[in-house]
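2 protein chains.
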Amino acid sequence: MITVMRYGHRVGRDKRTTTHVGLVARAFGADEFILVGNDKSPIKTIKSVTKNWGGSFKCSLIKNWRKYLKDFKGLKLHLTMYGEPYKSVISKIKTNQNILIFVGAEKVPIDVYKTCDFNIAVISQPHSEIGALAVFLENLKIDTSKKFKDAKLKIEPEREGKSVIKL
Amino acid sequence: MITVMRYGHRVGRDKRTTTHVGLVARAFGADEFILVGNDKSPIKTIKSVTKNWGGSFKCSLIKNWRKYLKDFKGLKLHLTMYGEPYKSVISKIKTNQNILIFVGAEKVPIDVYKTCDFNIAVISQPHSEIGALAVFLENLKIDTSKKFKDAKLKIEPEREGKSVIKL
Numbered sequence: 416m417i418t419v420m421r422y423g424h425r426v427g428r429d430k431r432t433t434t435h436v437g438l439v440a441r442a443f444g445a446d447e448f449i450l451v452g453n454d455k456s457p458i459k460t461i462k463s464v465t466k467n468w469g470g471s472f473k474c475s476l477i478k479n480w481r482k483y484l485k486d487f488k489g490l491k492l493h494l495t496m497y498g499e500p501y502k503s504v505i506s507k508i509k510t511n512q513n514i515l516i517f518v519g520a521e522k523v524p525i526d527v528y529k530t531c532d533f534n535i536a537v538i539s540q541p542h543s544e545i546g547a548l549a550v551f552l553e554n555l556k557i558d559t560s561k562k563f564k565d566a567k568l569k570i571e572p573e574r575e576g577k578s579v580i581k582l
Numbered sequence: 416m417i418t419v420m421r422y423g424h425r426v427g428r429d430k431r432t433t434t435h436v437g438l439v440a441r442a443f444g445a446d447e448f449i450l451v452g453n454d455k456s457p458i459k460t461i462k463s464v465t466k467n468w469g470g471s472f473k474c475s476l477i478k479n480w481r482k483y484l485k486d487f488k489g490l491k492l493h494l495t496m497y498g499e500p501y502k503s504v505i506s507k508i509k510t511n512q513n514i515l516i517f518v519g520a521e522k523v524p525i526d527v528y529k530t531c532d533f534n535i536a537v538i539s540q541p542h543s544e545i546g547a548l549a550v551f552l553e554n555l556k557i558d559t560s561k562k563f564k565d566a567k568l569k570i571e572p573e574r575e576g577k578s579v580i581k582l
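In the order they appear, the protein sequences are chains A and B. Residues 416 to 582, numbered by our numbering, are exactly what the first sequence covers, in order. Residues 416 to 582, numbered by our numbering, are exactly what the second sequence covers, in order.
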């Protein structure tokens with residue numbers, strides 16, 4: 416079970432980036448997306464994608480995120496460019512059954528660095544939390560072959576052009 | 416030499432996602448970012464990051480992108496969820512010295528699928544062009560160790576907290 420928690424979402428400004436975080440979480444095999452705050456807009460988009468493209472990806476809003484993070488039973492990871500290189504820790508992480516990945520938008524409070532078991536950098540340069548999440552999940556090598564059940568739409572990979580099958 | 420071309424940027428709406436595309440391109444080892452259109456705002460941000468964090472990453476705007484893409488001497492790749500799985504083609508791509516990666520925001524014109532040598536999917540599910548670009552570049556295994564010369568700032572990876580060195 417992999418949960419992605421998105422912190423620091425600013426209504427309007429972060430609408431698209433937060434939606435990208437949620438869609439990456441779903442597509443690369445996470446099970447749940449929790450958005451800190453009360454903006455239903457990204458949740459609505461991600462739920463609509465799940466409805467069409469399958470799977471049982473969960474999406475919700477949370478207010479008391481500190482309590483949730485503190486009480487979470489499992490491994491807590493924080494993706495940050497300031498952290499340890501992911502390649503040096505990923506083998507320790509893969510064995511865990513229950514993982515929460517904390518993904519910031521604006522500045523992350525310093526106590527998060529201490530609450531989390533690992534602060535992990537995909538790269539030690541300014542980049543993108545969306546890119547970092549995608550690379551990190553891809554490297555967890557989650558089996559997504561059975562993740563997208565009951566889809567209405569499915570892509571048939573093509574060398575040229577687009578092929579979407581209606582199921 | 417790796418060039419990332421961003422197509423379909425909508426002023427305002429895509430400001431942050433386009434900036435993420437550019438920052439991912441730089442951080443994961445591309446050499447150049449070309450933005451289709453006339454919005455200087457993402458270019459300004461990416462140039463400012465390069466000034467502080469080093470390297471000779473090039474950024475520019477382009478209008479006649481179709482001519483540029485057509486005349487490009489090298490391998491032309493289009494990242495799209497409709498394409499072939501990246502794992503099946505990446506070994507053929509790695510050997511090329513000059514690569515252009517086309518990254519769309521809004522709907523990409525169908526002729527791009529034909530002009531490009533490869534249409535590549537990082538995953539065949541709706542996700543994020545930012546995430547796709549990050550995973551793809553990471554898997555090209557570009558040596559970035561000498562990419563960020565003349566930096567004013569550098570991160571010292573930390574297990575907990577933030578450490579930025581002023582050089």
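Ideal Cβ positions, reconstructed from N, Cα and C, are used throughout, including at glycine.
Exercise. By Cβ distance, which residues of its chain are closer than 7 Å to Thr432 (chain B), with the 5 residues on each side in sequence left out?
Worked result: Ala520 and Ile545
Exercise. Which residues share a DSSP beta bridge with Gly519 (chain B)?
Worked result: B:Tyr422
For this session: Check Thr495 (chain A) in the structure and name its three-state DSSP category.
Result: strand
For this session: Reducing DSSP to helix, strand and coil, say where Val451 (chain A) ends up.
Result: strand
Exercise. Between Val426 (chain B) and the rest of its own chain, which residues show a CB-CB distance below 6 Å, the 5 nearest in sequence each way excluded?
Worked result: Asp454
Exercise. First and last residue of the alpha helix (DSSP H) that includes Leu476 (chain A)?
Worked result: No alpha helix (DSSP H) contains Leu476 (chain A), which is instead part of the beta strand (DSSP E) from Lys473 to Ile477.
Exercise. Using Cβ-Cβ distances below 8 Å, what residues of the region 454-487 of chain B are close to chain A?
Worked result: Val464 and Trp468
Exercise. To the nearest angstrom, how far is it from the Cα of Trp480 (chain A) to the Cα of Leu490 (chain A)?
Worked result: 16 Å
For this session: Check whether the Cβ of Ala536 (chain A) lies closer than 9 Å to any Cβ atom in chain B.
Result: yes
Exercise. Which first and last residues belong to the alpha helix (DSSP H) in which Lys502 (chain A) is found?
Worked result: Tyr501 to Lys509
Exercise. Any idea what DSSP makes of Val537 (chain B), helix, strand or coil?
Worked result: coil
Exercise. Does DSSP classify Leu490 (chain A) as helix, strand or coil?
Worked result: strand
Problem set entry | Inter-residue CB distance, Trp468 (chain B) and Pro541 (chain A) (contact presumed, cutoff 8 Å) | 6 Å
Problem set entry | Counted within 10 angstroms of its Cβ, other Cβ atoms place Ile580 (chain B) as buried (16 or more) or exposed | exposed
Exercise. Using CA coordinates, which residue listed in B:Thr434, B:Tyr528 and B:Phe448 is at the minimum distance from Met416 (chain B)?
Worked result: B:Phe448
Problem set entry | Straight-line gap, Val451 (chain B) to Asn511 (chain A) (C-alpha atoms, nearest Å) | 43 Å
Problem set entry | Best match in A:Pro524, A:Ser506 and A:Thr530 for proximity to Lys515 (chain A) [C-alpha to C-alpha] | It is worth fixing the name first, because residue 515 (chain A) is Leu in this sequence and not Lys. For the residues A:Pro524, A:Ser506 and A:Thr530, the minimum Cα distance to Leu515 (chain A) belongs to A:Thr530.
Exercise. Start and end of the alpha helix (DSSP H) containing Ile557 (chain B)?
Worked result: Here Ile557 (chain B) belongs to no alpha helix (DSSP H), and DSSP marks it neither H nor E.
Exercise. So is Thr418 (chain A) in contact with chain B if we call contact Cβ pairs under 9 Å?
Worked result: no
Problem set entry | Per-residue contacts from Gln512 (chain B) into chain A (C-beta, under 9 Å) | The premise fails here: Gln512 (chain B) is roughly 23 Å from chain A at the closest Cβ pair, so nothing lies under 9 Å.
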